[in-house]
Structures are given as structure tokens and as C-alpha cells.
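What follows is a short report on a single structure.
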Amino acid sequence: MPMDSSQSGPQSGPQSGQRITTSGLVNIRSKEELIRQKLEEERVRLTREMGIESHPQRHFKRPVENPFTKSQRANTTLLFGGLTWKHEQLVHGALEGLGYKCRALPVPNVAAFQTGKEYGNNGQCNPTYFTVGNLVQFLQGLEQEGQSRQEIIDNHVFFTAGACGPCRFGMYEAEYRLALRNSGFDGFRVMLFQQSGGLNQSEAEAGLEMNVDFFLAILNALNMGDLINDAGYQIRPYEAHAGETDAVMKECMDTLQDVFKNHRRFTLEGKAGGFLKNLPLGDTTEYIGKFLDQLFGKEYTGAFKTAGERFAKIKVDRLRVKPIVKVTGEFFAQTTEGDGNFNMFRFLEGEGAQVLVEPIGTWIMYLMHQAKQQKKDRKGVNGEEAMPAAWRVDKRVKNELRMRKSLAQLTLAEAIFKREWNRLREALNYLPHDLTDQYELQRMAHPFYNSRAAGGEGHLEVAKNIYYSNKDLAHMVLSLKPFGCMPSTQSDGAQSAVVNLYKDMIYLPIETSGEGEINAHSRVQMALGEAKVKAKQEFARVLEETGLTVEQARDYVTDHPELESGLYRVPHHKGVIGAAANFVKHVAELMKSERRTRVAYAAAD
Ligand code: SF4
Numbered sequence: 325m326p327m328d329s330s331q332s333g334p335q336s337g338p339q340s341g342q343r344i345t346t347s348g349l350v351n352i353r354s355k356e357e358l359i360r361q362k363l364e365e366e367r368v369r370l371t372r373e374m375g376i377e378s379h380p381q382r383h384f385k386r387p388v389e390n391p392f393t394k395s396q397r398a399n400t401t402l403l404f405g406g407l408t409w410k411h412e413q414l415v416h417g418a419l420e421g422l423g424y425k426c427r428a429l430p431v432p433n434v435a436a437f438q439t440g441k442e443y444g445n446n447g448q449c450n451p452t453y454f455t456v457g458n459l460v461q462f463l464q465g466l467e468q469e470g471q472s473r474q475e476i477i478d479n480h481v482f483f484t485a486g487a488c489g490p491c492r493f494g495m496y497e498a499e500y501r502l503a504l505r506n507s508g509f510d511g512f513r514v515m516l517f518q519q520s521g522g523l524n525q526s527e528a529e530a531g532l533e534m535n536v537d538f539f540l541a542i543l544n545a546l547n548m549g550d551l552i553n554d555a556g557y558q559i560r561p562y563e564a565h566a567g568e569t570d571a572v573m574k575e576c577m578d579t580l581q582d583v584f585k586n587h588r589r590f591t592l593e594g595k596a597g598g599f600l601k602n603l604p605l606g607d608t609t610e611y612i613g614k615f616l617d618q619l620f621g622k623e624y625t626g627a628f629k630t631a632g633e634r635f636a637k638i639k640v641d642r643l644r645v646k647p648i649v650k651v652t653g654e655f656f657a658q659t660t661e662g663d664g665n666f667n668m669f670r671f672l673e674g675e676g677a678q679v680l681v682e683p684i685g686t687w688i689m690y691l692m693h694q695a696k697q698q699k700k701d702r703k704g705v706n707g708e709e710a711m712p713a714a715w716r717v718d719k720r721v722k723n724e725l726r727m728r729k730s731l732a733q734l735t736l737a738e739a740i741f742k743r744e745w746n747r748l749r750e751a752l753n754y755l756p757h758d759l760t761d762q763y764e765l766q767r768m769a770h771p772f773y774n775s776r777a778a779g780g781e782g783h784l785e786v787a788k789n790i791y792y793s794n795k796d797l798a799h800m801v802l803s804l805k806p807f808g809c810m811p812s813t814q815s816d817g818a819q820s821a822v823v824n825l826y827k828d829m830i831y832l833p834i835e836t837s838g839e840g841e842i843n844a845h846s847r848v849q850m851a852l853g854e855a856k857v858k859a860k861q862e863f864a865r866v867l868e869e870t871g872l873t874v875e876q877a878r879d880y881v882t883d884h885p886e887l888e889s890g891l892y893r894v895p896h897h898k899g900v901i902g903a904a905a906n907f908v909k910h911v912a913e914l915m916k917s918e919r920r921t922r923v924a925y926a927a928a929d
């Protein structure tokens, strides 16, 4: 007897000893068809009811990008942004010096965020909205000034960083294009500098020359921006005359921008240069010359020293007790000085804190460090290639050598980068902080956050929290993470284990979004209250240990005006965090050494 399919349930398959006959199979098939048909009818009914029309599928195709060619360079303005105004002013000078017309976008504000939301996709992380909206807002501003859309599209190019992920950073390019299209600027050119793999040459080759000069100029601009930014944040909270640091900063940045603009790049010139250039290794000779010019040239360091002399004249009072707040978090949120992080730097300083800012240099070192780790992990095996069999010793040796060569190149790059950093640091009397050691950061964070997990700041958020708290460098760590940031959300999970282990640390994660500034500020105020108490207790302890009073320390400073210089470097003491506490310790040491010298002189007499 064939089974009646209308009575059979999912469990009513053939029992032992039973078999499905041909007519049974036909019944099952017709039942499935019936279900499919019913489903389709229901789908049609529901889409009709809800007013959702069904369209043929249209797959996204990357739009063809209009090229930026060399011949357009004279009439094309390169737009860029997303850093601090200090970095941007120097990058501006560097690009001008390379012969480009350029303009930095304003610091993204809440209106830019709203614009980004209006024209972009749903569900992006907020730096996307801020930066994308900022570009659209800027272009709309150009239109209001009287330029036509076509003129804007023809005469401008936006240049920014990009990556292939793994977080939403990989979607930035698509987001820029979508928002530009939605806002009526379809065809506007966006050029990406890929974090891994350099610039997308197919787009930029002709218009923007990504040569050695370009990279050196940008790197110098970023390093100088980092160092001067760091110095500014260390001096401003203690300045004797309000506003002086900002005024000096502005003056120095204008001068430094001109230095970049007028910088003479090394080229093989004259008869001898022409001769060398025509030799088979002519280009290499020129590269070596540029490289040596970078390593031993005095133009940038000299100009930076002059800026340092100006900063040194700012009078400071380092006896002001202030908690030091290390700002970490996602790259954009911890860097921008505007609505993108609720104006957090200004707020913290207004609340009486000293802010420890994060340099872009750490990020560059992190990228090199990660590249090295990846080379080691892959053992010289490239891309999709499989590891050669154990008996293919020749191939394995070749891979090993390839890996060692890459590692050596990256190690050299790290060493050069650090050297250049410290050369500039010296011009500011080593006041700005040194680059943090990536190996130490990795060692600290890895037990909590796998250091091979890339995306965003990776393990750095966890690492910096432990580093700055345990090394007595900050009373409080404030992590700024954009709403919807994937890697930062992961970090937050790991940070709960970190704060459980290091009970004394004051760690506050703040989610930044376009809204909610008051709420964020009040949470920071609460944590800052604890940090202030910590700083005051530490100061009282140091006074007790040294046996000094604030008045005695102040009198000593009056007799030694060099201690009031903005660039005076106070040594850091183990177990002491605050600038005032370290300063009192230092004054006590100076007094002691003076006493010893007096006694020695008296004994000699
Ligand atoms: S790190 Fe976070 S905020 Fe930045 S692009 Fe990735 S997901 Fe977005």
C-alpha cells in the first residue's frame, strides 16, 4: 500500500521493512511543491499588503572613478582632514611644498555628523558619519559660496586613509561614494591611501605622485605635529599667563608650515648630478641622497629647535596639583579636537586635568609591529600559497630567507622612525613623551586581548590602559570609543578583566556619538573626582616625604627661574604620577645637591 502523504508527518519516513514506492515519492514531491506555492502566495500577499514592491536584484558595482591626472594638478585642490589642526597645518605645508594646491577640511562638528547620517548608510560607526558628513558639508559650503557642482567635482579631490577592514574602516571608501552620490556630488573623486599596500595607484598615479619625497614630507609633518601637540598639552595647564601656549603654538605652526612649504628636496642636479642620474643606478643614487638628507639634514630639526625656544619662554607654575588623564580609544575619537569626542580635551583641561594625548606615531609603530608579527606567523609563505612539504627543504629555506629579509627591513624601518622621532624630540628638550615600546604593549595586553586580532586599535586599548596605569604615568585612563565601534566593543569586554586584576586603576570608557555630550561629561566628571583625590593625596605624600612645604618649593623656584620654563624637563620618579608631585621631588633633590655642594666647598675652604 502506498503511504498517504497527507497523513505522514516529518517522522513518518519508511519504517524498517517498509519502502517508498514511486507513487509515494510523487506524493511527497507534490506536497513540497504545494508548500512552495503556498509560501510564494503568502509572500506576494504580504509584500502587496506592506507596499513593498519586488524588483529584480541589482548587484552593487563599484562606480568607475574619474582619474586625477597630472595635467589637472594645477587646477585641482587636494582636500584632506580628520587629524588635529596642528597635524593638518603641517601636512598642508608639506603638500604645498610638493607642488599641490590643498585645503584642510574643518574639524568635524555635530552638523557634519547629521549630514553623514542623512546621506550615508544606516548602522555605521560614528567616525564614518563625522568624516563623510564633514566632506559633504564642506562641498555644500563651496556651492553656497558660488561654485557650481560641476566645478566642485572637477576641481577637487579628497584624499584619505583606507583599509580592507576587518572593521568598518574597510567600508569608508564606499560610504564616501554613497554619501557623495546621495548629496548630488556623484563623480567627486576620493583617493585612498591604503593602510596595507600603499596608495591605490590605479586611481592616483598620475595626479598624486606617491614617491619618496611625498612619504618623507608627510611623515615629518605627522611627527612634528605629534610632538608639538604633546608639548602643548603638557604646558597649557600650568601656564602662568592664560592663553600664552595657544598663541605661541599658533605662531610656531605658521612658521613651521612655511618651512615645509619652502623645503628644498634633495635631487641630483647640475652636471655631476645629471651624469650620476644617467648611470644604471641613477635613481637609486638619488633615493640614497634623499634618505641621507632626511637622516642628517638640519632644516626640520633647526626649525623645530627655534619653535622649542619659543615654547621655552612660556612661564609655567608646575606646583598646580592636577590629575593626569591619559586619553586612549579608537583612532578618530582619541585624536579629533571637536564634537567627534564631545570636545573632551578642552573639557578635561577646563575641569583642571592635564591631558596625555596619543601620538599618531604610536599608530605607525603599531602598523610596523603588526606587519612583523604577520611575517613571522606566515613564515615567509605568501598569500594563498601553502606551506611546502617538509621534504622540500629548498623551498622552506627560501621562505625562511624571504621572511628574515622582510623582518630585517621592518626592524630597520622601526629603528629609523624612532631615531627621527627622538631627533625632533631633542629639539623640544625631550619634553614630549617617547614612543611606547610595541613589544612591551603586546606583552601586557596579550593575556587579555589576542595581539593578532586586528581591526581598530587592536590590543592597544587594553595595553595602554595597563601601561599608563602601571608605569605611574596617569592617574586615570579615559578610553574614547565611538558608538558602534566593533574593535572597541571587544576591548571593553577584555577591560573588565583588566580592571578586576588591577584594582587601583581608574579606567573610564566613554562611548562617543553625535549626541549625549552632557551625559558623557558628567560621567567623566565623576571619575575625574576620584583622580583628583588621588593626585592630591600623592602630592601630600611627596611633601611629607621630602619635608618641604609648597612655599619653600615656590621660593626655590623664584631663585631658579629656569624651573619656570615651559620646556624645563622634570624627571619622572617611580611611584609618582602628577607633574606637581614630581616637581616637588625634583626641587628637593636639587636643594639637597646644592647643600652637598655648599658643604663640600666649605670643607675645601
Ligand atoms: S575602529 Fe571602530 S570606529 Fe574606527 S572604523 Fe573601525 S569600527 Fe569604525
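The sequence shown lines up with residues 325 to 929 when you count with this note's numbering. The beta-carbon is built from N, C-alpha and C at its ideal position, and this holds for glycine as well.
Remark: the shortest separation between the CB of Met668 and any heavy atom of the ligand SF4 does not fall under 7 Å. Take the alpha-carbon of Glu533 and the one of Ile542: they are about 13 Å apart. The straight-line gap separating the alpha-carbon atoms of Glu412 and Pro756 is approximately 19 Å. Of the residues Phe628, Ala751 and Thr686, the one whose Cα lies closest to the Cα of Glu764 is Thr686. Sequence-distant Cβ neighbours of Cys809 in its own chain, meaning closer than 7 Å and more than five residues away, are Cys449, Glu654 and Gly780.
Under the criterion of beta carbons closer than 8 Å, Gly704 and Arg670 do not qualify as touching, at roughly 49 Å.
Remark: three or more beta-carbon pairs, one from each stretch, lie closer than 8 Å, so the segment 570 to 581 and the segment 629 to 637 are flagged as touching. For the pair Leu691 and Lys729, the Cα-to-Cα distance works out to about 18 Å. In the three-state reduction of the DSSP assignment, Thr484 falls in the strand class.
With distances taken between CA atoms, Ile612 lies nearest to Arg589 out of Glu623, Arg589 and Lys622.
Here Leu680 is not near Ala769, since their CB atoms are 8 Å or more apart.
DSSP places Gln849 in the helix class (H, G or I) of the three-state scheme. For Val583, the enclosing alpha helix (DSSP H) has its first and last residue at Glu568 to Asn586.
Each residue's CA atom was taken as its position, placing Arg847 and Phe666 some 12 Å apart. With a cut-off of 8 Å on Cβ pairs, the segment 655 to 663 is in contact with the segment 800 to 809, counting three or more such pairs.
Under the DSSP assignment, Ala778 falls outside any beta strand (DSSP E); it carries neither an H nor an E label.
Distances taken from the Cβ of Glu654 to the heavy atoms of the ligand SF4 include one shorter than 7 Å. Not a single heavy atom of the ligand SF4 lies less than 7 Å from the C-beta of Pro771. Relative to Val388, the option among Arg501, Leu832, Thr591 and Lys788 whose CA is nearest is Arg501. A contact is defined here as three or more CB-CB pairs under 8 Å, and the segment 556 to 569 fails this definition with respect to the segment 416 to 429. Linking Met850 to Glu623 through their CA atoms gives a straight-line distance of about 46 Å.
In this structure, the ligand SF4 has no non-hydrogen atom nearer than 7 Å to the beta-carbon of Met534. Looking at the DSSP output, Gln678 bridges to Ile648.
Contact annotation: Leu429 and Phe404 have beta-carbon atoms nearer than 8 Å. Between Leu891 and Phe635 a beta carbon distance of about 5 Å is seen, short of the 8 Å cut, so the two are scored as contacting.
For the segment 713 to 743, there is no continuous alpha helix (DSSP H) assignment of 4+ residues that stays within its boundaries. Look at Gly444: its beta carbon is at least 7 Å from all of the heavy atoms in the ligand SF4.
Nearest to Asn479 by C-alpha distance, out of Ala487, Thr393 and Leu407, is Thr393. Around the beta-carbon of Ile638, 16 or more other beta-carbon atoms lie within 10 Å, marking it buried. DSSP, read as helix, strand or coil, puts Phe517 in strand. Counting along the chain, the unbroken alpha helix (DSSP H) around Val874 starts and ends at Val874 to Asp883. In terms of Cβ geometry, Ala545 and Val431 do not form a close pair [threshold 8 Å].
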